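Here's the structure, in structure tokens; my notes come after.
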Amino acid sequence: MQEEMLTEIERINVIVLAIGCLAATVIMREFRYVFSFGVGSAIMTLNFRFLRKGMEKVFQKVQQGGEPPALDGNEAQALDRNQLAKRLNKKALMIKLPLKFLALVTAVILVVLYGDINVIFFLIGLSTVFISILLSQISFALKPADERSKQHGA
Amino acid sequence: MKKLFSILMLLGVFTVLFCGVAMAAEEAKGLDSQVKAMIALASGIGIGIAAFGGALGQGKAVAAALEGIGRNPGASGKILTPMIIGLAMIESLVIYSLVVSLMLFLKL
Numbered sequence: 063m064q065e066e067m068l069t070e071i072e073r074i075n076v077i078v079l080a081i082g083c084l085a086a087t088v089i090m091r092e093f094r095y096v097f098s099f100g101v102g103s104a105i106m107t108l109n110f111r112f113l114r115k116g117m118e119k120v121f122q123k124v125q126q127g128g129e130p131p132a133l134d135g136n137e138a139q140a141l142d143r144n145q146l147a148k149r150l151n152k153k154a155l156m157i158k159l160p161l162k163f164l165a166l167v168t169a170v171i172l173v174v175l176y177g178d179i180n181v182i183f184f185l186i187g188l189s190t191v192f193i194s195i196l197l198s199q200i201s202f203a204l205k206p207a208d209e210r211s212k213q214h215g216a
Numbered sequence: 036m037k038k039l040f041s042i043l044m045l046l047g048v049f050t051v052l053f054c055g056v057a058m059a060a061e062e063a064k065g066l067d068s069q070v071k072a073m074i075a076l077a078s079g080i081g082i083g084i085a086a087f088g089g090a091l092g093q094g095k096a097v098a099a100a101l102e103g104i105g106r107n108p109g110a111s112g113k114i115l116t117p118m119i120i121g122l123a124m125i126e127s128l129v130i131y132s133l134v135v136s137l138m139l140f141l142k143l
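Protein sequences, first through last, are from chains A and B.
Heads up, the first sequence is in the numbering used here, so the first residue is 63 and it goes up one at a time.
Heads up, the second sequence is in the numbering used here, so the first residue is 36 and it goes up one at a time.
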């Protein structure tokens, strides 16, 4: 159920990208502004998607692992940590996530240095994820209580 | 001691800030280099603070999430969603700072 929230945020990301590009075209009527918003928004949309996929891959085995043994105290904590460390996908955590971040930074640097962009529109584009999270939470809060509790898994 | 240290640090920051403003206003010839120096300083310190804060925030978020998942692996799905959202938001803030720092750097 919680995964639905992330899927919804991704969907709203794409909607914000499309509506933002349309609004920039209608209001500014210049390619530069549309390009700035579109590139910023696309970068953050892809970043969110890859972050989600990466994190899901890291915790894939943990989610499949099931319940921990019923032990108390420090022994249980140490056992939990060892089990958790064994179940984490280290390749995804140590290689793929840093590579994703490096690609994101490279993309932003290349766009800012070599692209003909308007910084304000680029920053608004980079705020797409914030806007999407806000919109998804507003839509979640406006839902009826029983549907909300069902979606929250309570 | 801690208070004295923070007061001294604040004084240092204000001195640097006001020296820059005062020196920038002095001469037309000196203005350019002083302003450029301040821009370089702002660009470096800005991205430094953003990276430091972002790394600290992401580290704390992931550590807390792993602690929670370690204690209760069954709740990993519920813990993972807010963590991903939090990480995305922290990353966005660092990227904002990177863009602003790059724009400042391009003015040099």
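Glycine residues also receive a C-beta, built at the ideal position from the N, C-alpha and C atoms.
Nothing here was measured: the structure is a model prediction, and the numbers come from that model.
- Under 7 Å between C-beta atoms, does B:L137 make it to chain A? Position 102 of the second sequence, counted from the start, is the residue given in the question as residue 137 of chain B. It does: the Cβ of B:L137 has a partner Cβ on chain A nearer than 7 Å.
- Task: Anything in chain B within Cβ reach of A:V76, meaning under 8 Å, just list it in chain order.
- Result: The residue you call residue 76 of chain A lines up with position 14 of the first sequence. Residues of chain B passing the Cβ test: none, with the nearest at roughly 15 Å.
- Cβ-based neighbour list, A:I81, same chain, cut-off 7 Å, excluding 5 preceding and 5 following: Within the first sequence, the letter at position 19 stands for residue 81 of chain A. Excluding sequence neighbours, A:I81 sits near nothing in its chain.
- Going by the CB atoms, is the gap between A:N109 and A:S194 shorter than 7 Å? By 1-based counting over the first sequence, the position of residue 194 of chain A is 132. By 1-based counting over the first sequence, the position of residue 109 of chain A is 47. Against a cut-off of 7 Å, the Cβ pair of A:N109 and A:S194 comes out as no contact.
- Query: Since A:M117 meets chain B, which of its residues come closer than 8 Å, beta carbon to beta carbon?
  - Reply: For the purposes of this step, residue 117 of chain A is taken as residue 55 along the first sequence, with counting starting at 1. Here the neighbours are L115, M118, I119 and L122.
- Query: So A:R91 is in the alpha helix (DSSP H); what residue range does that whole segment cover?
  - Reply: Counting from 1 along the first sequence, the entry for residue 91 of chain A is found at position 29. A:R91 -> no alpha helix (DSSP H), and no H or E assigned at all.
- B:S78 beta carbon less than 7 Å from that of B:S136: The count along the second sequence starts at 1 and reaches residue 136 of chain B at position 101. The count along the second sequence starts at 1 and reaches residue 78 of chain B at position 43. Taking 7 Å as the Cβ cut-off, B:S136 and B:S78 qualify as a contacting pair.
- Query: Can you give the Cα-Cα distance for A:L172 and A:S211, rounded to whole angstroms?
  - Reply: Indexing the first sequence from 1 puts residue 172 of chain A at position 110. Indexing the first sequence from 1 puts residue 211 of chain A at position 149. Each residue's alpha carbon lies about 44 Å from the other.
- Compute the distance between the beta-carbons of A:K116 and A:F184, then report whether it is under 7 Å. As a working note, residue 116 of chain A is residue 54 in the first sequence. As a working note, residue 184 of chain A is residue 122 in the first sequence. Reading off the sequence, residue 116 of chain A comes out as Gly, not Lys. No.
- Cut-off 8 Å between Cβ atoms - residues of its own chain near A:C83, not counting five sequence neighbours on either side: Sequence index remark: in the first sequence, residue 83 of chain A carries index 21 (1-based). V96, F99, G100 and S103, listed in sequence order.
- Quick one: residues in its chain with C-beta nearer than 6 Å to the C-beta of B:A140, no 5 flanking neighbours on either side, listed in chain order? Counted from its first residue, the second sequence places residue 140 of chain B at position 105. The question names Ala, yet the displayed sequence has Phe at residue 140 of chain B. These residues qualify, in order along the chain: S78.
- Query: Alpha carbon to alpha carbon, how far is B:I130 from A:P160?
  - Reply: For the purposes of this step, residue 130 of chain B is taken as the residue at position 95 of the second sequence. For the purposes of this step, residue 160 of chain A is taken as the residue at position 98 of the first sequence. Going from the Cα of B:I130 to the Cα of A:P160 covers about 15 Å.
- Task: Can you grab the Cα-Cα spacing for the pair B:A100 / B:A110, in whole Å?
- Result: To locate residue 100 of chain B, count along the second sequence from 1; it is residue 65. To locate residue 110 of chain B, count along the second sequence from 1; it is residue 75. Their Cα atoms are separated by approximately 10 Å.
- Message: Measuring only the C-alpha atoms, how far is A:R94 from B:G105?
- Response: Here residue 94 of chain A refers to the residue found at position 32 when the first sequence is read from its first residue. Here residue 105 of chain B refers to the residue found at position 70 when the second sequence is read from its first residue. Approximately 48 Å, taken between the alpha carbons.
- Message: Taking beta-carbon pairs under 7 Å, can you tell me which members of the region 83-113 of chain B lie near chain A?
- Response: L101, I104, G105, R106, P108, G109, S111, G112 and K113
- Which chain A residues are close to B:V134, counting only those with a beta carbon under 8 Å from its beta carbon? Here residue 134 of chain B corresponds to residue number 99 of the second sequence, with the count starting at 1. Result: V170, V174, V181, F184, L185 and L188.
- Please report the Cβ distance between A:L197 and A:K162, rounded to the nearest whole angstrom; I am assuming they are in contact, meaning their Cβ atoms lie under 8 Å. Stepping through the first sequence from its first residue, residue 197 of chain A is reached at position 135. Stepping through the first sequence from its first residue, residue 162 of chain A is reached at position 100. Contact doesn't hold; Cβ gap of about 24 Å is too wide.
- In the structure shown, what three-state DSSP assignment does A:D208 receive? Sequence index remark: in the first sequence, residue 208 of chain A carries index 146 (1-based). Helix at A:D208.
- From the beta carbon of A:F110, is the nearest beta carbon of chain B less than 7 Å away? For the purposes of this step, residue 110 of chain A is taken as residue 48 along the first sequence, with counting starting at 1. It does; some Cβ of chain B falls within 7 Å.
- With burial defined as no fewer than 16 other Cβ atoms inside 10 Å of the residue's Cβ, what is the status of A:P206: buried or exposed? What you label residue 206 of chain A is simply residue 144 of the first sequence in a count that begins at 1. So A:P206 ends up on the exposed side.
- Task: Express the C-alpha separation of A:E66 and B:A75 in angstroms, rounding to a whole number.
- Result: Along the second sequence, read from residue 1 onward, the residue named residue 75 of chain B stands at position 40. Along the first sequence, read from residue 1 onward, the residue named residue 66 of chain A stands at position 4. Spanning the two alpha carbons is a distance of roughly 44 Å.
- Quick one: grab the DSSP three-state call for A:D178. Locating residue 178 of chain A in the first sequence gives position 116, counting from the first residue. Of the three classes helix, strand and coil, the one that applies to A:D178 here is coil, per DSSP.
- Query: Which residue from A:T168, A:V120 and A:L68 puts its Cα closest to that of A:L146?
  - Reply: Sequence index remark: in the first sequence, residue 146 of chain A carries index 84 (1-based). Of A:T168, A:V120 and A:L68, the residue nearest in Cα terms is A:V120.
- Query: Going by beta carbon distance, what residues of the same chain come within less than 8 Å of A:A154, once the five residues before and after it are set aside?
  - Reply: As a first step, residue 154 of chain A must be located in the first sequence, where it is residue number 92. The residues are G116, K119 and V120.
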